[in-house]
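Asker:
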Amino acid sequence: MRSQPNNVDVQVGNAIRIQRVIKRLSQSALGERVGISFQQIQKYERGANRVSASMLVDMANALEVDVRVFFDEAAPPKSAILANDNQVVSETFKASREGMLLNAAFFSIKNKAIREKILRLVLSLAGKTVEDGDKEEIEGFAPN
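Those letters in the sequence shown? Residues 18 to 161, by the working numbering.
1. Starting from residue 21, follow the alpha helix (DSSP H) in both directions and report where the run begins and ends.
2. Mapping DSSP to helix, strand and coil, what is residue 141?
3. I'd like to check one pair, residue 51 with residue 76: are the Cβ atoms closer than 8 Å?
4. Terminal residues of the continuous alpha helix (DSSP H) containing residue 74?
5. With DSSP as the reference, label residue 45 as helix, strand or coil.
6. Nearest to residue 114 by alpha carbon, out of 139, 78, 36, 48?
7. With a threshold of 16 other CB atoms inside 10 Å of the CB of residue 33, please say whether the residue is buried or exposed.
8. Can you tell me where the alpha helix (DSSP H) holding residue 124 begins and where it ends?
9. If you reduce the DSSP assignment to three classes, tell me which class residue 34 lands in.
10. When you compare only the Cα positions, how much space is there between residue 135 and residue 118?
11. Measuring CB to CB, does residue 64 end up less than 8 Å from residue 57?
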């Protein structure tokens, strides 16, 4: 038995979780839709258990998505991971519950000036400075 989950299994499980959260379904609700327990959904989402092809199709149908969505980022090239660890961390955070909630809350702020101030505050708290070249990007990053 393997001690660590396979990276592809983790990525597929994460994609399942993201789609479930987007659809605002609990693990129990998704489990009911596909005929398995919420504990099994947890194992799939963690990558602890591999998801069969037929179960992926059932989950895609239950979540009303194309089954390919589970594989979109399931196997990034190793060179991409080695080349930019910060991007991997960023993608992991964006896919986390905290990241999704933060992103949704941030973009629900209608006032662009407030979003810019929040971004500057977060950068400051992280000990980052706004470089002159980044000022335009920060001021123009958020949709109106």
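Glycine residues also receive a C-beta, built at the ideal position from the N, C-alpha and C atoms. This one's a predicted model, so the numbers in the text were calculated from it and none came from an experiment.
Answerer: So, from the listed chains and residues:
1. Taking the first residue of the sequence shown as position 1, residue 21 is located at position 4. Here residue 21 belongs to no alpha helix (DSSP H), and DSSP marks it neither H nor E.
2. On the sequence shown, position 124 is the one that residue 141 refers to. Looking at residue 141 - three-state DSSP - the assignment turns out to be helix.
3. As a position in the sequence shown, residue 76 is number 59, starting the count at 1. As a position in the sequence shown, residue 51 is number 34, starting the count at 1. Yes, they are a contact pair.
4. Start at 1 with the first residue of the sequence shown, and residue 74 comes out as number 57. That run of the alpha helix (DSSP H) goes 70-80.
5. Stepping through the sequence shown from its first residue, residue 45 is reached at position 28. Of the three classes helix, strand and coil, the one that applies to residue 45 here is helix, per DSSP.
6. For the purposes of this step, residue 114 is taken as the residue at position 97 of the sequence shown. Ranking 139, 78, 36, 48 by Cα distance to residue 114 puts 36 first.
7. Position 16 of the sequence shown, counted from the first residue, corresponds to residue 33. The C-beta of residue 33 has 16 or more other C-beta atoms within 10 Å across all chains shown, which makes the residue buried.
8. Mapped onto the sequence shown, residue 124 falls at position 107. Unbroken alpha helix (DSSP H) run through residue 124: 114-124.
9. Taking the sequence shown and counting its residues from 1, the one referred to as residue 34 is at position 17. Note: residue 34 maps to helix in three-state DSSP.
10. For the purposes of this step, residue 135 is identified with residue 118 of the sequence shown, where counting begins at 1. For the purposes of this step, residue 118 is identified with residue 101 of the sequence shown, where counting begins at 1. Taking the CA atoms as reference points, residue 135 sits about 15 Å from residue 118.
11. The residue you call residue 64 lines up with position 47 of the sequence shown. The residue you call residue 57 lines up with position 40 of the sequence shown. No, they are not a contact pair.
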